[in-house]
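Colleague: First the structure, which I've put down as structure tokens, then a few questions once you've had a look.
2 protein chains.
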Amino acid sequence: MDETRANAELIEKARQMCYPDSVAVIGASDNVLKWGSFLIISLLKGGFEGPIYPINPKAEKVMGLTCYPSVVDCPGPVDLAFITLPQPLVLTAIADCKAKGVNNVVVITSGYSETGGPGAQFEKELAAAVRDSGMRMLGPNTMGMISTHQKLSCTGANAQPPRGGISMISQSGNLGAQVMMWAEEQNVGVNKFFGTGNEGDLSCTDLLYYLAHDDSTNAVLCYLEGVDDGQAFLKVARETSEKKPVVILKSGRTEAGAKAAASHTGALAGSHEIFKGAMRQAGVIVVRQPQDLIDGAAGSYLPMPKGNRVAVVTLGGGWGVVASDLCADFNLKLPGLPQEVIDKLDKMLPSFWSRENPIDLVGQVDPGIYADALEAVVSSDRYDAILTLGLIGSSSFVADTVENAHAVAPDTVTDVMMKQVVDMSRGIEQGMRDDIVRLTKKYGKPIVNVSLDKRHLQTVIPDGKGDFVVAFNTPEKAVRVLGGMAYYQAWRRSVGLPEL
Amino acid sequence: MDETRANAELIEKARQMCYPDSVAVIGASDNVLKWGSFLIISLLKGGFEGPIYPINPKAEKVMGLTCYPSVVDCPGPVDLAFITLPQPLVLTAIADCKAKGVNNVVVITSGYSETGGPGAQFEKELAAAVRDSGMRMLGPNTMGMISTHQKLSCTGANAQPPRGGISMISQSGNLGAQVMMWAEEQNVGVNKFFGTGNEGDLSCTDLLYYLAHDDSTNAVLCYLEGVDDGQAFLKVARETSEKKPVVILKSGRTEAGAKAAASHTGALAGSHEIFKGAMRQAGVIVVRQPQDLIDGAAGSYLPMPKGNRVAVVTLGGGWGVVASDLCADFNLKLPGLPQEVIDKLDKMLPSFWSRENPIDLVGQVDPGIYADALEAVVSSDRYDAILTLGLIGSSSFVADTVENAHAVAPDTVTDVMMKQVVDMSRGIEQGMRDDIVRLTKKYGKPIVNVSLDKRHLQTVIPDGKGDFVVAFNTPEKAVRVLGGMAYYQAWRRSVGLPEL
Chain A
11 MDETRANAEL
21 IEKARQMCYP
31 DSVAVIGASD
41 NVLKWGSFLI
51 ISLLKGGFEG
61 PIYPINPKAE
71 KVMGLTCYPS
81 VVDCPGPVDL
91 AFITLPQPLV
101 LTAIADCKAK
111 GVNNVVVITS
121 GYSETGGPGA
131 QFEKELAAAV
141 RDSGMRMLGP
151 NTMGMISTHQ
161 KLSCTGANAQ
171 PPRGGISMIS
181 QSGNLGAQVM
191 MWAEEQNVGV
201 NKFFGTGNEG
211 DLSCTDLLYY
221 LAHDDSTNAV
231 LCYLEGVDDG
241 QAFLKVARET
251 SEKKPVVILK
261 SGRTEAGAKA
271 AASHTGALAG
281 SHEIFKGAMR
291 QAGVIVVRQP
301 QDLIDGAAGS
311 YLPMPKGNRV
321 AVVTLGGGWG
331 VVASDLCADF
341 NLKLPGLPQE
351 VIDKLDKMLP
361 SFWSRENPID
371 LVGQVDPGIY
381 ADALEAVVSS
391 DRYDAILTLG
401 LIGSSSFVAD
411 TVENAHAVAP
421 DTVTDVMMKQ
431 VVDMSRGIEQ
441 GMRDDIVRLT
451 KKYGKPIVNV
461 SLDKRHLQTV
471 IPDGKGDFVV
481 AFNTPEKAVR
491 VLGGMAYYQA
501 WRRSVGLPEL
Chain B
11 MDETRANAEL
21 IEKARQMCYP
31 DSVAVIGASD
41 NVLKWGSFLI
51 ISLLKGGFEG
61 PIYPINPKAE
71 KVMGLTCYPS
81 VVDCPGPVDL
91 AFITLPQPLV
101 LTAIADCKAK
111 GVNNVVVITS
121 GYSETGGPGA
131 QFEKELAAAV
141 RDSGMRMLGP
151 NTMGMISTHQ
161 KLSCTGANAQ
171 PPRGGISMIS
181 QSGNLGAQVM
191 MWAEEQNVGV
201 NKFFGTGNEG
211 DLSCTDLLYY
221 LAHDDSTNAV
231 LCYLEGVDDG
241 QAFLKVARET
251 SEKKPVVILK
261 SGRTEAGAKA
271 AASHTGALAG
281 SHEIFKGAMR
291 QAGVIVVRQP
301 QDLIDGAAGS
311 YLPMPKGNRV
321 AVVTLGGGWG
331 VVASDLCADF
341 NLKLPGLPQE
351 VIDKLDKMLP
361 SFWSRENPID
371 LVGQVDPGIY
381 ADALEAVVSS
391 DRYDAILTLG
401 LIGSSSFVAD
411 TVENAHAVAP
421 DTVTDVMMKQ
431 VVDMSRGIEQ
441 GMRDDIVRLT
451 KKYGKPIVNV
461 SLDKRHLQTV
471 IPDGKGDFVV
481 AFNTPEKAVR
491 VLGGMAYYQA
501 WRRSVGLPEL
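Listed in order, the protein sequences are those of chains A and B. First residue of the first sequence? That's 11 in our numbering, and the numbers climb one at a time after it. First residue of the second sequence? That's 11 in our numbering, and the numbers climb one at a time after it.
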């Protein structure tokens with residue numbers, strides 16, 4: 011089979027795996043401490059709309075669904091089968107799937123190459139049986155997969171991230187599942203998630219190739235411990251970067267980490283510095299922390315900056331200093347203010363304002379000027395991106411203060427007064443979000459926000475009208491994301507690709 | 011006056027400032043959008059037990075408290091006065107304080123050297139008036155101060171951190187107040203907090219000197235932008251480090267940051283690398299992020315490690331790899347497992363467990379073995395500290411799963427079943443906390459935990475019996491804190507001080 015045809019088939023099979031019309035869970039169970047129940051609960055919670063067939067010869071129903079003794083007994087066709095049987099029973103299940111005409115399998119079962127010894131041989135036999143059946147396999151020893159646009163969530167975790175454009179490939183199920191849980195908590199939209207497990211068949215390179223060609227995926231996150239064929243992976247990474255941003259955390263960066271990775275997934279230790287250099291040459295945004303992956307995903311809600319020139323607008327001088335240091339760490343520049351911006355701000359700010367970038371809005375001023383001050387900066391062609399510190403969430407200070415005042419002096423600050431002020435502060439907050447969305451659209455520049463409001467846990471904040479404001483809870487996260495975006499844009503330019 | 015006597019007087023005046031019997035707020039107001047109300051609300055919320063005198067010639071009551079036209083009119087003595095009048099009225103207030111015999115003042119008012127121009131002259135006059143009165147002054151342009159053991163919280167922020175042993179000095183009020191808010195959210199106990207403002211009188215060096223001699227302070231956090239006399243500061247930092255850990259974030263690390271600091275507090279740009287080197291020589295734990303300060307404070311709830319040899323105990327292989335990389339970044343070693351630990355763990359774990367450090371407890375095993383596995387590792391003299399990943403918070407996975415199961419299949423997983431499983435998981439969690447507290451005490455080693463449980467927001471978790479478990483929400487925070495503690499202990503040894 012020639013490479014083009016093989017690649018086309020890979021894309022078609024992976025697509026089929028992500029958009030099944032019906033699924034079976036082989037090894038289903040009502041015991042909420044077992045994988046056989048996690049998968050069914052996850053599918054039901056995700057609202058999968060096709061038939062879900064639990065398979066277990068010893069049960070009549072699982073989680074209220076009619077159960078079948080074998081996948082061959084299902085009353086309709088089965089597109090995708092999840093297998094969570096004890097290892098010695100898996101080959102029989104694969105044979106049943108072949109007999110039933112199942113298109114693809116996800117093998118959760120462990121006890122293969124990750125255990126060493128005879129496990130590696132079992133995995134070879136499993137892969138051969140899958141290949142022989144014409145199916146493709148995710149796993150074995152995988153945490154499962156998610157495809158939100160098909161309402162398919164079938165993992166061992168309780169993650170149900172919202173629908174969106176980011177897809178993720180993870181060589182650690184636990185770590186990937188955690189990123190999906192963060193996505194849910196922080197309202198970062200996800201498209202597809204694959205825990206690759208032992209990669210007995212589909213590898214992270216295969217899945218990245220598919221995601222490069224999946225138009226509904228607008229950026230890819232990867233957690234990698236090791237790839238068998240580094241050159242092949244880097245080639246696909248480069249092809250993917252040409253189409254959309256790829257953010258990779260490659261662990262085993264250090265000798266201690268590489269040793270731990272070898273013990274965990276059998277990843278071969280190579281020189282991390284060489285691989286990291288090659289990834290960056292391929293346009294990959296390389297990150298260090300699991301959290302950086304989900305932060306990068308939140309960045310996909312912003313327009314790309316055209317360059318690395320940042321204006322910082324802050325409600326506290328100290329935060330501006332900290333953010334300036336961070337910008338330097340992440341190769342972002344802070345050009346001074348052009349005269350026309352100074353002139354505009356002179357009309358709004360107290361006479362002693364700094365006239366420098368960072369622009370300190372000097373705390374006490376009226377929130378009514380925030381939007382105008384912001385527009386004065388965003389509109390300047392000296393800046394490619396804006397970082398705000400404390401604007402989003404600032405009104406919560408007022409709400410907290412009045413609530414505390416009511417608690418300690420209820421006769422002075424009455425219930426009615428408190429509610430009025432809290433409502434006012436909510437209105438100011440909503441206005442701030444509206445202004446940021448409006449200015450982002452008007453000028454096509456990213457406005458990245460840092461909110462220190464403890465009530466605000468979501469990074470991607472809906473404005474209630476279909477748009478979003480992005481607010482991180484530390485300056486470092488915001489600056490790192492902006493730095494990654496500027497890096498990627500510069501890479502595109504350096505290889506002659508059009509800007510995004 | 012000789013240096014010894016001047017230092018003794020400084021300690022006595024600063025102590026007096028932190029333990030006043032009565033306070034006045036000059037410029038008090040019922041308007042919840044003004045500093046004159048923030049301070050009174052903060053004092054009332056903090057539960058200050060002595061008389062609080064609002065001062066305002068135009069009000070009869072403020073927040074329900076009887077108000078006086080001038081501080082001289084207060085019916086009792088006034089130990090400490092907070093001044094939040096417009097700048098032109100402050101000198102009169104200082105004269106009134108002198109007439110009343112007030113011991114110390116905290117000047118919130120801005121419009122001094124931070125505004126440039128004549129502000130610097132106003133500040134000199136203010137400092138001279140204060141000196142002449144025999145008072146000491148915090149500020150001007152300060153965010154306020156906290157002294158939890160006196161139930162004194164008087165800041166422009168809504169922070170009411172719990173009582174504890176950590177004290178903080180901040181050259182940015184906003185940033186310091188945010189650290190205090192994090193302390194409250196994360197249950198990190200605070201002793202004293204000073205926003206130093208413009209340091210018209212008391213400088214960060216003075217306050218560090220006081221905290222070095224304050225036996226109730228067990229560690230000091232500093233946010234610095236610049237110190238006038240670097241040598242004097244470093245000398246005091248060294249003396250303080252000999253007694254207790256000092257954690258410093260010095261911003262203006264980069265050219266961009268130094269420029270921003272000069273604009274914010276007028277800090278002189280020096281060579282950061284030289285100052286950083288000198289701080290480390292003085293035993294200071296140098297950090298980069300505001301969050302690192304509060305994380306370091308949480309570390310004060312742990313015993314000090316005797317060295318830098320760490321065992322990692324994880325419920326997920328990927329997290330172990332990530333943590334191994336981080337340990338290498340922060341100069342922590344991961345020695346292999348001694349045979350006697352392997353022998354003990356062989357009896358508890360599946361045959362294919364890694365037999366390496368990180369120790370992967372391989373997900374599926376019974377939580378009943380966690381404590382024994384942990385003890386096998388903690389008890390080994392090969393390790394100075396233990397890092398656990400996922401043990402704290404692991405039972406929440408079970409609770410989430412059963413709640414989801416109840417939501418999707420209420421007839422299969424009934425309300426009664428759900429409550430039983432949730433209770434069971436709470437019991438497992440409590441048992442885990444008890445075990446960690448017990449093992450920490452038994453072996454005198456730090457057990458630093460990482461919890462990925464979204465329901466867990468506090469870093470310092472009470473065990474309900476007066477002890478605490480420390481659990482960070484990322485491996486990086488845990489490793490950074492452990493690295494800082496190991497650094498400090500190694501410094502103590504290197505300068506011939508006894509280990510802590």
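Ideal Cβ placement from N, Cα and C applies to all residues, glycine included. Note that the structure is predicted; figures quoted are calculated from it, not measured.
(1) Exposed or buried, P360(B), counting other C-beta atoms within 10 Å across all chains shown (16 or more means buried)?
(2) Look at the alpha carbon of V388(B) and the alpha carbon of N168(B), and state the distance between them as a whole number of angstroms.
(3) At the 8 Å Cβ level, is I51(A) part of the contact set with chain B, yes or no?
(4) Please go through the stretch 313 to 353 of chain B and give each complete alpha helix (DSSP H) segment of 4 or more residues, from N-terminal end onward.
(5) Report the residue from P485(B), P96(B) and Q188(B) whose alpha carbon sits nearest the alpha carbon of G400(B).
(6) Does N459(B) come within less than 8 Å of chain A when only Cβ atoms are used?
(7) Can you list, in chain order, the residues of its chain with a C-beta nearer than 6 Å to that of K487(A)? Leave out the 5 residues immediately preceding and following it.
(8) So what does DSSP say about T450(B), is it helix, strand or coil?
(9) Run through chain B and tell me which residues come within less than 9 Å of C337(A), C-beta to C-beta.
(10) Locate the alpha helix (DSSP H) running through R490(A), then write down its first and last residues.
(11) With a cut-off of 8 Å, does the C-beta of K202(B) fall near any C-beta of chain A?
(12) So Y78(B) is in the beta strand (DSSP E); what residue range does that whole segment cover?
(13) Along the stretch 279 to 301 of chain A, where does the CB come closer than 7 Å to a CB of chain B? Name the residues.
(14) Which residues in the same chain as H515(B) place their Cβ atom closer than 8 Å to its Cβ, once the five residues preceding and following it in sequence are excluded?
(15) Taking CB distances under 8 Å as the criterion, tell me whether P368(B) reaches chain A.
(16) How many Å lie between R319(A) and N459(A) at the Cα?
(17) Relative to the C-alpha of D477(A), which residue among L467(A), K464(A) and T450(A) is closest?
(18) From this set, E252(B), V189(B), C337(B) and N41(B), which residue's C-alpha is nearest V412(A)'s C-alpha?
(19) Taking a Cβ distance cut-off of 8 Å, strictly less, list which residues of the stretch 401 to 413 of chain A are near chain E, in chain order.
(20) Give me the Cα-Cα distance between L234(B) and A381(B), rounded to the nearest whole angstrom.
(21) With a threshold of 6 Å on Cβ separation, who are the neighbours of S364(B) within its own chain once the five nearest residues in sequence on each side are excluded?
(22) Put A266(B) into one of helix, strand or coil per three-state DSSP.
(23) Report yes if the CB atom of E133(A) is closer than 8 Å to the CB atom of G210(A), and no otherwise.
(24) Excluding the 5 residues preceding and the 5 following M428(A) in the sequence, name in chain order all residues of the same chain whose CB lies nearer than 7 Å to its CB.
(25) If you check the beta carbons only, do S32(B) and V88(B) fall under 8 Å apart?
(26) Would you mind reading off the limits of the beta strand (DSSP E) that contains V257(A)?
(27) What are the start and end residues of each continuous alpha helix (DSSP H) run of 4 or more residues lying completely inside the stretch 184 to 272 of chain A, in chain order?
(28) Label S504(A) either buried or exposed according to how many other C-beta atoms from any shown protein chain fall within 10 Å of its C-beta, with 16 as the threshold for buried.
(29) Does the beta carbon of A358(B) come closer than 8 Å to any beta carbon on chain A?
(30) Give me, in chain order, the residues of the same chain whose beta-carbon lies closer than 6 Å to that of F243(B); leave out the 5 immediate sequence neighbours on both sides.
(31) Between the C-alpha atoms of T119(A) and Q26(A), what's the straight-line distance to the nearest angstrom?
(32) Taking only beta-carbon atoms, is E133(A) less than 8 Å away from chain B?
(33) Please identify, using Cβ separations under 8 Å, the residues of the stretch 152 to 182 of chain A that lie next to chain B, in order along the chain.
(34) Is it buried or exposed, P98(B), if we count other Cβ atoms within 10 angstroms and call 16 or more buried?
(35) Given that M434(B) touches chain A, what residues does it touch there, using C-beta distances under 8 Å?
(36) Name the chain A residues whose beta carbon is nearer than 8 Å to that of M73(B)?
Modeller: With the structure as the only source:
(1) exposed
(2) 40 Å
(3) Cβ-Cβ to chain B under 8 Å: yes for I51(A).
(4) 327 to 339
(5) Nearest of P485(B), P96(B) and Q188(B) to G400(B), Cα basis: P485(B).
(6) no
(7) D305
(8) T450(B) falls in the helix class under three-state DSSP.
(9) T264, A266 and G267
(10) Start and end: P485 to S504.
(11) With 8 Å as the cut-off, K202(B) does not count as an interface residue toward chain A.
(12) In the DSSP assignment, Y78(B) falls outside any beta strand (DSSP E), carrying neither H nor E.
(13) Cβ contacts with chain B: Q299, P300 and Q301.
(14) Coverage of chain B is limited to positions 11 through 510, which leaves residue 515(B) absent and any answer about it impossible.
(15) Taking a beta-carbon distance threshold of 8 Å, P368(B) counts as an interface residue toward chain A.
(16) 16 Å
(17) T450(A)
(18) Minimum Cα distance to V412(A) is reached at N41(B).
(19) In summary, chain E is missing from the structure at hand, where the protein chains are A and B.
(20) L234(B) and A381(B) have their C-alpha atoms spaced approximately 42 Å apart.
(21) D370
(22) helix
(23) yes
(24) V412, E413 and H416
(25) yes
(26) V256 to K260
(27) 214 to 222 and 240 to 253
(28) exposed
(29) Reading the sequence as shown, one finds Met at residue 358(B) and not Ala. No - not a single Cβ of chain A is within 8 Å of the one on M358(B).
(30) T215 and V237
(31) 22 Å
(32) no
(33) A167, N168, S180, Q181 and S182
(34) exposed
(35) Residues of chain A passing the Cβ test: none, with the nearest at roughly 10 Å.
(36) A415, V418, A419, T422 and V423
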